[in-house]
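Read through the structure below, which is laid out as structure tokens, and then see the notes.
In full-length UniProt numbering, the protein residues as written are 1 to 306.
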């Protein structure tokens, strides 16, 4: 595959994320933990993404206990126009079985924003997503971590009024939670969603009607054992082969074609995979192939080990 041309990420157009419009192909930073001991290599990867048109970087304090934020912040400060989106609702849990722990209470949300500001080296975070832990695999809130969304949104609205954060987003949420949060002027929703997992089609439809960006995590299927993956579906692999693209690219192209409010943040620590992902933003699907993928019946999830 030839290297994508500069600004390839912008070929799929833009969509509004808070007060900014960003290229629909962005970058999720979780995989950068693999390069935590190689900051120069990680920075080079991020700069390559910027050169190819990526201007939306998704991160979190609990990615490497602030180390990844430091890398993202450095790139954001040196590239005008880069939009940083971070997450709160969980805190780092170094040395734990799971590298993060729930932090849902309003005072914890505020403390997490302050932690993100320090590690990013910014005085304002353009987008902050509240990871609610309502749905999907992973953490669940228990005990005093079960907090009403209205109380959480009140804390985030206050932070927005203070200028510490810009747009408010939600992550891992149900349809009912999104409906309750709309009056708070939420800008985006992040749920697990892909060609092989369309469980939240109703939430996506609501977001599309309300002009809310849909930013799916696990855009190529699940990272947990038992969750279907795009690259493991024979039908998808066969279609990709016929088109001369990779199954990964096909999964990303379908998402961009599926709804105009979808913003993608696939992550990788590999330069070749980065360029492959970004190249997908410049590709279109023939109408018959798009129809075939639209009719694809996602496989049922297996027993998910978390």
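Here a beta-carbon is modelled for each residue, glycine too, at the ideal position from N, C-alpha and C. Please read these numbers as outputs of a predicted model, since none were measured by experiment.
- Taking a 10 Å sphere around the C-beta of residue 181, we find 16 or more other C-beta atoms and assign the residue as buried.
- Counting other Cβ atoms within 10 Å of its Cβ, residue 258 reaches 16 or more and is therefore classed as buried.
- When Cβ pairs closer than 8 angstroms are counted between the two stretches, the region 194-209 is seen to touch the region 229-242, the count reaching three or more.
- If you draw a straight line from the Cα of residue 132 to the Cα of residue 186, it comes to about 14 angstroms.
- Closest option to residue 16, judged by alpha-carbon separation, among 238, 96, 51 and 169: 169.
- If you compare the alpha carbons of 105, 23, 94 and 246 with that of residue 65, the shortest gap goes to 94.
- Counting only runs of 4+ residues, the alpha helix (DSSP H) found wholly inside the region 68-120 occupies 106-120, in chain order.
- Excluding five sequence positions before and after residue 115, the CB atoms of its chain that fall closer than 6 angstroms to its own CB belong to 61, given in chain order.
- Annotation: residue 97 to residue 293 spans about 37 angstroms, alpha carbon to alpha carbon.
- Here DSSP, grouped into helix, strand and coil, assigns residue 147 to coil.
- Residue pairing of residue 188 in beta bridges, as defined by DSSP: 169 and 213.
- With a 10 Å radius around the Cβ and a threshold of 16 neighbouring Cβ atoms, residue 247 comes out buried.
- Proximity of the region 45-53 to the region 131-147 falls short of the contact definition, fewer than three beta-carbon pairs being nearer than 8 angstroms.
- Judged by DSSP in its simplified three-state form, residue 273 adopts helix.
- In its chain, beyond the 5 residues on either side, 23, 24, 25, 256, 281 and 282 have a beta carbon closer than 8 angstroms to the beta carbon of residue 12.
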